[in-house]
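**Q** Have a look at this one.
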Amino acid sequence: MIPLLLAAGIGGVEGDAPGPGVLETIWGISVVRGLAWSLVAALLVITPMALFAIWLERRLSGKMQARIGPNRVGPEGLLQTLADGVKLLGKESLVPTQADRPLFHAAPAVVFMSAFAMYAVLPWGPDWAPTSLAVGLLFVLAIGSLEAIGVIMAGWASNNKWALLGTMRVAAQVVAYEIPLGISALVPVLTAGTMNVQEITAMQGGGAWNWGLWWAFPANLVAFVLFFWAALANLKRAPFDLPEAESELVAGFHTEYSGMSFSIFFLAEYAAMFVLSGVASCLWLGGWNTGIPGVDVAGMGVWGNLLGAAMVAGKAMLLVAVMMWLRWTLPRLRVDQVMRLCWKFFLPISLACLVWAAAWVSVVKPMLGGNG
């Protein structure tokens, strides 16, 4: 994805206006401003959301296993994750004697930054978007792929056989599932005619029947399901948690990490869960749009932006909750099953969805007078 992003020569910084190329687009003032806003959002919004997601998973896990879960620190245990973070801050971060120290320390930072940089193009409301990037979706896919590089760095630098085995699984799994993930994301891009996430979201105003799920039916509906499952595999979540299989690899690629370094991996995982769920909600579930006819979020000013942000967060958190539910519902797949599922099912189905969307845009939509 990264070479594709650097080599492409389309689009500008704002909207769909032609520009000098993606290299200037990426390093232009607009994206720098977006990354700065992303950092601010990470401190003020995203980190609390990730901490809430960790608490939610622990509570849901408790409910599904007929136990209580965290309920002592703060109301309903809401401050338990914060207390655990403070505890981890006080723990020593040990580095193995034979480890590659520079890479060992750099790996958590790479994973953390790749997860949080994706928020730079996630729109929260009609007027609340860190940056309006013409190749916003491509930016998300390219920056998100850096997370795999950080994980591979962690496993290699640890000089541990369990960590290295987990790293090899990451390399195979993430590289494989990035393909159906990207192709399924191209289906709404093709039907909308833009890669700008904010513009795709704006096209889904009105009732819920205008959401991207129903565009070029059933291509986008199937693409949404494929994107969700491919995102699970990219996030290394159950049933695709082979790189961290405790019964086989101790803790996988982060076996040798402790203290704050370990907590950074943990926080980045939940931040990536939320941002990919947010992107899915903007592409297929209306994003900031309520789905209620007559409720125009774009015309409500600041209150509309607040409502839109609540809609994006709510839809994203709903998808995150489904990911958590699946963790305690489905058994872990074998390595061969994971690879077979990608190459024999996800990839051809995603390509079929893309072909159907192309046929819809070029043949069916003109026959319907531009509707659908």
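With this note's numbering applied, the sequence shown has no gaps in its numbers, which climb one by one up to 456 at the end.
From the three backbone atoms N, C-alpha and C, an ideal C-beta is built for every residue, glycine too.
Treat the numbers as computed from the prediction; the structure is a model and nothing was measured.
(1) So Glu-53 is in the alpha helix (DSSP H); what residue range does that whole segment cover?
(2) Could you have a look at Asn-389 and say whether DSSP puts it in helix, strand or coil?
(3) CA-CA distance, Met-408 and Ser-434?
(4) With a cut-off of 8 Å, do at least 3 Cβ pairs link the segment 350-362 to the segment 316-325?
(5) Decide if Phe-308 is buried, meaning its Cβ has at least 16 other Cβ atoms within 10 Å, or exposed.
(6) If distances are taken between C-alpha atoms only, which option among Val-224, Ala-193, Pro-302, Asp-184 comes closest to Met-202?
(7) In angstroms with no decimal places, state the Cα-to-Cα distance between Leu-391 and Ala-397.
(8) If you drop the 5 nearest sequence neighbours on each side, which residues of the same chain put their C-beta closer than 7 Å to that of Val-179?
(9) Is it buried or exposed for Pro-192, if we count other Cβ within 10 angstroms and need 16 for buried?
(10) Tell me the rounded alpha-carbon separation between Leu-270 and Leu-221.
(11) Decide if the segment 325-343 is in contact with the segment 244-257; the criterion is three or more beta carbon pairs, one per stretch, under 8 Å apart.
(12) State the DSSP-derived secondary structure class of Pro-432, mapped to helix, strand or coil.
(13) Start and end of the alpha helix (DSSP H) containing Lys-147?
(14) Please classify Gly-371 as buried or exposed, where buried requires at least 16 other C-beta atoms within 10 Å of its C-beta.
(15) Hey, quick one: how far does the alpha helix (DSSP H) through Lys-175 stretch, first residue to last?
(16) Kindly give me the distance between the Cβ atoms of Leu-60 and Leu-274, rounded to whole angstroms, as I take these residues to be in contact under 8 Å.
(17) The alpha helix (DSSP H) spanning Ala-260 covers which residue range?
(18) With a cut-off of 8 Å on the beta carbons, I'd call Trp-416 and Ala-314 a contact; round off their distance for me.
(19) Mind checking which residues open and close the alpha helix (DSSP H) that includes Ile-236?
(20) For Met-395, does the count of other Cβ atoms within 10 angstroms reach 16, so buried, or fall short, so exposed?
(21) Which parts of the segment 304-373 are runs of the beta strand (DSSP E), unbroken and 3 residues or longer, counting only runs that do not cross its ends?
**A** To lay it out plainly:
(1) The question about residue 53 has no answer, for the chain in this structure spans 85 to 456.
(2) helix
(3) 24 Å
(4) yes
(5) Flag for Phe-308 reads buried.
(6) Answer by Cα proximity: Val-224.
(7) 10 Å
(8) Arg-185, Phe-188
(9) Taking all protein chains in view, the Cβ of Pro-192 is crowded by 16 or more other Cβ atoms within 10 Å, so the residue is classified as buried.
(10) 9 Å
(11) yes
(12) In the structure shown, Pro-432 sits in a helix (DSSP, three-state: H, G or I).
(13) 131-148
(14) Looking at its Cβ environment, which holds 16 or more other Cβ atoms inside 10 Å, Gly-371 is buried.
(15) First-last for Lys-175: undefined, no H or E at that position.
(16) Outside the modelled stretch of the chain, which goes from 85 to 456, sits residue 60, for which no answer is possible.
(17) 245-276
(18) The sequence given here has Arg at residue 416, not Trp. Contact doesn't hold; Cβ gap of about 17 Å is too wide.
(19) Per DSSP, the unbroken alpha helix (DSSP H) holding Ile-236 starts and ends at 220-241.
(20) buried
(21) none
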